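See below for the structure under consideration.
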Amino acid sequence: MNAPYGTLVDTENEEVATKDGIKVQRWWAKDVDGTSQALSKSDVNGQFHDFTVDYDGDTKTLTIKYTQTSGKILTWTTTVSNSNQAMAMIVSASTGGAKNLQQFEIMSFDFKQAATVNVKYVDTKGNQIAQGEVTYPNGANVNGTYTTGQLEIPNYKFVRMDDGTATGAKSLPATGTLTKAGDNGTVIYVYAPAYTQTSKTVSETIKYIDQDGKEVAIGYTADPITFVSVTNPVDNTTTTYYSTKAKTATLDDNGVPTEAGWTKGDSTDFADVVNPEVDGYKVISNDAPNSDLTSVAVQTVYTNSSDLDFTVVYAKNAPTITTESKTINETIHYVYKDGTTAHDDYVAKPVEFTRQVSTDAVTGEKTYGSWSADQSFAAVTSPVIKGYTPDQAEIGAQTVSGDSSDLDFTVVYTKDAPTKPVNPIQPTTPAKPVNPSQPATPAKPVNPSQPATPTKPVQAGQAAATNFVDQRLPQTGETDQQHMTLSGLLLLAMSSLLGLFGMTKRQRKE
């Protein structure tokens, strides 16, 4: 307020208050701290004063020099931070509330056009996501070189130099030679979101067991389902894909799996699985949801799904009950000693036994019950064959059971020895019969107090002498003495016969 001064200023969009207190948004100029320099009041004399403005494109340095009336030169210097940003240079002055004529007279304007390139960092859709710099090692001149580089951009990854698919323009090489003055083109780096993925594989297995936990059929294992959830870190959106073929996914620039077989979706189904038929068994339980005894139903799974593990239980069918019968036979053969048939075989009426048989429905193993009650074959008398004698006069009764084997007997006949004939020339003289009209008088019983004298033994060929006490026949109730007398008579008769036999022998000898 006390003297004129020169300074560098920045402009900012600020909220400022008007005279009546209303706040408005305005671009507002502010002095750059440390750049203000006072001007001489004597310079405010209505005359032109020299100043120069010089910008060095190599160093991005802006230098302003002002020559005062006294000849003193004041200098202001600043550096342009971004040469690619559009900028305007103005020279302005202000008199505050006073009035003054302010004029500029351009004495010369020298401009040397630089050889430059631009650099852009864009996403796959061509949107600029960052700013970078171009370096000119030998200055921004024709035939000079330029250099650019990739940037580390949060949540993005570099994918390629633009081939025209992102911005519609083909990128210059990352480094190269400036071939002409002015704009040589643009280096375009294309970035894609640094997609992240998480995968989850869900499987389904089914076991087929009996009530004891023994496997009755080969278990079923479905093709596993793999879910891949792809997250865009820029906008935090997530997209899910599933596959029954691939286990991992390679993502393209848009976060889509490149392998075949991936389908967009966060859920899918395991197909219905029919329970296998097992000989001799039937299904009695199935723990799979919404399923019955015929199959494991369709099962829907999600990215956050239980591997699925189900059990189908089988029970044996009831055994088959049948009746088994068995016949037992008895046969008797009649043969001579030389093995030839002596008589027709005897074949008894067969006897039959029955029992129950239980057949396991799975293994076919049979369990046998008891045979019916024991039975018997009657005794069989060997037939009579004249002139022969059997070695067994009879085959006795035979008791058999269902466990018995057929009975088979053989009776062997042996020829009888011939009988020696009696000499017909010397027949045996028959004993003289007793006259029935003159019965023998029974011996008189001896007094029991006087025992009878024993009979003297008779020599062969001699008659026995017998004392007959009494010729009366013994009567009922008589004593033992009477019986002894009768015995004596019998002995006498035998002695006579012996004597006769002895005489006959003597006669044959003579």
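Whatever position you read off the sequence shown (first residue = 1), add 29 for my numbering. Glycine is no exception: its CB is placed at the ideal position from the N, C-alpha and C atoms. Given the structure is predicted, the values throughout are model-derived calculations rather than measurements.
Q. What is the DSSP secondary structure of Asp338, counted as helix, strand or coil?
A. strand
Q: Starting from Ala46, follow the beta strand (DSSP E) in both directions and report where the run begins and ends.
A: 38-46
Q. Ends of the beta strand (DSSP E) at Gln131?
A. Careful: Gln131 lies outside any beta strand (DSSP E) and carries neither H nor E.
Q. DSSP beta-bridge partners for Asp152?
A. Tyr220
(Q) Rounded to whole angstroms, what is the Cα-Cα separation between Thr268 and Thr279? (A) 14 Å
Q) Residue range of the beta strand (DSSP E) that Asn170 falls in? A) Segment: none, Asn170 is in no beta strand (DSSP E) and carries neither H nor E.
Q. Taking Tyr397 as the reference, which of Thr174, Glu353, Leu130, Ile158 has the closest Cα?
A. Glu353
(Q) So the candidates are Val73, Pro166, Glu233, Thr215; which of them puts its Cα closest to the Cα of Asn129? (A) Val73
Q. DSSP three-state call for Lys89: helix, strand or coil?
A. coil
**Q.** Three-way DSSP call (helix, strand, coil) for Asp72 in this model
**A.** helix
Q: Would you tell me roughly how many angstroms separate the C-alpha atoms of Ala522 and Ile424, rounded to the nearest one?
A: For Ala522, the pLDDT reaches just 42, beneath the cut-off of 50, and the residue's location in the model is therefore unreliable, leaving the point undetermined.
Q: For Pro318, write down the residues that DSSP places opposite it in a beta bridge.
A: The partner list for Pro318 (beta bridge, DSSP) is empty, contrary to what the question assumes.
Q) What did DSSP end up calling His362 once you bin it into helix, strand or coil? A) strand
Q. Taking Cβ positions, are Asn346 and Ser324 nearer each other than 8 Å?
A. no
Q | Assigned secondary structure, Glu162 (DSSP; H/G/I helix, E/B strand, else coil) | A | coil
Q: Spell out a yes or no on whether the region 205-214 and the region 237-249 are touching, meaning 3 or more CB-CB pairs, one atom from each, closer than 8 Å.
A: no
Q | For Pro286, the residue or residues it bridges with in DSSP | A | Leu280
Q: Tell me whether Asn333 is buried or exposed, calling it buried when 16 or more other Cβ atoms sit within 10 Å of its Cβ.
A: exposed
Q: Check Val263 in the structure and name its three-state DSSP category.
A: coil
Q: Report the rounded CA-to-CA distance for Ala169 versus Val188, giving the unit in angstroms.
A: 28 Å
Q: Can you say whether Gly416 is buried or exposed, counting buried as having 16 or more other CB atoms within 10 angstroms of its CB?
A: exposed
**Q.** For Glu181, the nearest candidate out of Val257, Tyr150, Thr204 (CA to CA)
**A.** Tyr150
**Q.** Close beta carbons around Val148, own chain, < 6 Å, minus the five adjacent residues each side
**A.** Gly161, Val163, Thr177, Val216
Q. Which residues in the same chain as Ala426 place their Cβ atom closer than 8 Å to its Cβ, once the five residues preceding and following it in sequence are excluded?
A. Ser405, Phe406, Ala407, Ala408
Q) Helix, strand or coil for Gln142 per DSSP? A) coil
Q. Which residues share a DSSP beta bridge with Glu233?
A. Leu337
Q | Proximity of Val440 and Pro419 at Cβ, strictly below 8 Å | A | yes
Q) Span of the beta strand (DSSP E) holding Glu244? A) 244-250
**Q.** CA nearest to the CA of Ala344, picked from Gly290, Thr98, Thr90, Glu306
**A.** Glu306
Q | Nearest residue (CA-CA) to Thr277, options Asp295, Ala326, Gln226, Tyr375 | A | Gln226
(Q) Please tell me whether, using a cut-off of 7 Å, the distance from the CB of Ile102 to the nearest non-hydrogen atom of the ligand GTP is below it. (A) Absence of the ligand GTP is noted for the structure shown, with no ligands found whatsoever.
Q) In the DSSP assignment, what are the bridge partners of Glu423? A) Thr410
Q. Applying the criterion that 16 or more other CB atoms from any shown protein chain within 10 Å of the CB defines a buried residue, is Val45 buried or exposed?
A. exposed
Q) Is it buried or exposed for Gln488, if we count other Cβ within 10 angstroms and need 16 for buried? A) Since pLDDT at Gln488 reaches only 43, below the 50 mark, its modelled position is unreliable, and the value read off the structure follows with that caveat. Exposed, because fewer than 16 other Cβ atoms sit within 10 Å of the Cβ of Gln488.
**Q.** Segment limits, beta strand (DSSP E) that includes Lys395
**A.** 395-397
Q. How big is the Cα-Cα spacing for Ala447 and Ile414?
A. Strictly speaking, residue 447 in this sequence is Pro, with Ala absent from that position. The straight-line gap from Cα to Cα measures roughly 15 Å.
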